[in-house]
Amino acid sequence: MNGLDIAILIILALFVIKGALRGLIKELCSLIGLVVAAGIAFHFYTPLAHKLADMSQLPLQLCVIVTLVLLFVATMIIFTVIGVVLSRFIRLLFLGGFNRVLGALFSLLQGTFVLALVLYGLSLAHLPSAVKPQFRKSQLRPPFVELGESMVKLSVRYLDKVS
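The opening position of the sequence shown corresponds to residue 0 in numbering that gives the first Met the number 0, with each subsequent residue numbered one higher.
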């Protein structure tokens with residue numbers, strides 16, 4: 000076990016702690032909110048940016064940035080509030096512990112996917128010579144790299160079908 004293996008374990012542990020503290024409901028609302036916020040922001044920013052530019056006399060480029068940020072943040076706030084309300088409701092039903100355990104498991108899965116994509120990306124990059132031996136000798140790296148490669152290939156196939 001080397002430094003990269005220890006870093007992988009620490010990162011996964013941090014994801015588990017985050018999930019246990021927040022619970023499954025907040026984690027799901029956060030993830031869904033992120034996807035929905037990105038979709039809403041990128042779908043509606045153009046007409047809103049033009050309206051803002053017309054109303055305010057601000058440069059269009061600035062209006063684009065402002066509308067993207069506002070749409071994204073507003074949507075994230077809405078999903079955060081939904082997550083908080085649902086978590087309180089779950090706690091009232093005395094399912095708070097169950098929510099936290101499932102949150103930890105969900106975050107572990109989330110952390111695994113993030114690490115898989117990062118490590119796969121690093122496996123394709125030209126790493127500094129000081130880092131290469133640590134990267135190659137890591138015992139935990141290979142399954143993460145394989146998972147990351149599979150995720151990227153599946154995503155590319157899916158996006159090819161959709162577009």
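All residues carry an ideal CB built from backbone N, CA and C; glycine is no exception.
Exercise. Can you tell me the Cα-Cα spacing of Q109 and I7, whole angstroms?
Worked result: Within the sequence shown, residue 109 is the residue found at index 110, counting from 1. Within the sequence shown, residue 7 is the residue found at index 8, counting from 1. Using only the alpha carbons, I get a separation of about 13 Å.
Problem set entry | Candidates S29, A37 and M150: closest to G102 by CA position | Numbered from its first residue, the sequence shown carries residue 102 at position 103. Out of S29, A37 and M150, S29 has the C-alpha closest to the C-alpha of G102.
Exercise. Looking at A115 and L139, is the spacing between their C-beta atoms short of 8 Å?
Worked result: In the sequence shown, residue 139 corresponds to position 140, counting from 1. In the sequence shown, residue 115 corresponds to position 116, counting from 1. Not closer than 8 Å, so no.
Problem set entry | Per-residue DSSP class, three states only, for T132 | To locate residue 132, count along the sequence shown from 1; it is residue 133. Per the sequence shown, the amino acid found at residue 132 is Pro instead of Thr. Per DSSP, reduced to three states, the secondary structure at P132 is helical.
Exercise. Does the Cβ of A19 have 16 or more other Cβ atoms within 10 Å, making it buried, or fewer, making it exposed?
Worked result: The residue given as residue 19 occupies position 20 in the sequence shown. By the neighbour-count rule (16 or more Cβ atoms within 10 Å), A19 is buried.
Problem set entry | Cut-off 8 Å between Cβ atoms - residues of its own chain near V35, not counting five sequence neighbours on either side | The residue you call residue 35 lines up with position 36 of the sequence shown. For V35, where only same-chain residues beyond five positions count, the Cβ hits under 8 Å are T74 and F78.
Exercise. Which residue from T45, F112 and R99 puts its Cα closest to that of I24?
Worked result: For the purposes of this step, residue 24 is identified with residue 25 of the sequence shown, where counting begins at 1. If we check each option's Cα against that of I24, R99 comes out closest.
Problem set entry | Helix, strand or coil at H42 [DSSP, three-state] | For the purposes of this step, residue 42 is identified with residue 43 of the sequence shown, where counting begins at 1. In the structure shown, H42 sits in a helix (DSSP, three-state: H, G or I).
Problem set entry | Counted within 10 angstroms of its Cβ, other Cβ atoms place A40 as buried (16 or more) or exposed | By one-based count along the sequence shown, residue 40 stands at place 41. Label assigned to A40: buried.
For this session: Using a threshold of 8 Å, state whether the C-beta atoms of L126 and F134 are closer than that.
Result: Translated into positions along the sequence shown, residue 126 becomes position 127. Translated into positions along the sequence shown, residue 134 becomes position 135. Yes, the Cβ-Cβ distance between L126 and F134 is below 8 Å.
Problem set entry | Exposed unless 16 or more other CB atoms sit within 10 angstroms - verdict on G120 | Numbered from 1 along the sequence shown, position 121 holds the residue referred to as residue 120. Result: exposed.
Exercise. Under a three-way DSSP split, which group does H49 fall into?
Worked result: Translated into positions along the sequence shown, residue 49 becomes position 50. In this structure, H49 counts as helix in the three-state DSSP scheme.
For this session: Could you tell me the distance, in whole angstroms, from the CA atom of P58 to the CA atom of K160?
Result: The residue given as residue 58 occupies position 59 in the sequence shown. The residue given as residue 160 occupies position 161 in the sequence shown. Their Cα atoms are separated by approximately 38 Å.
For this session: Answer yes or no: do L118 and V144 have a C-beta to C-beta separation smaller than 8 Å?
Result: The sequence position of residue 118 within the sequence shown is 119, counting from 1. The sequence position of residue 144 within the sequence shown is 145, counting from 1. Yes, the pair counts as a contact, with Cβ atoms nearer than the cut-off.
Exercise. Out of V130, R87 and V113, which has the shortest C-alpha to C-alpha gap to K150?
Worked result: As a working note, residue 150 is residue 151 in the sequence shown. Checking the sequence, you will find Met at residue 150 rather than Lys. Here the closest residue by C-alpha is V113.
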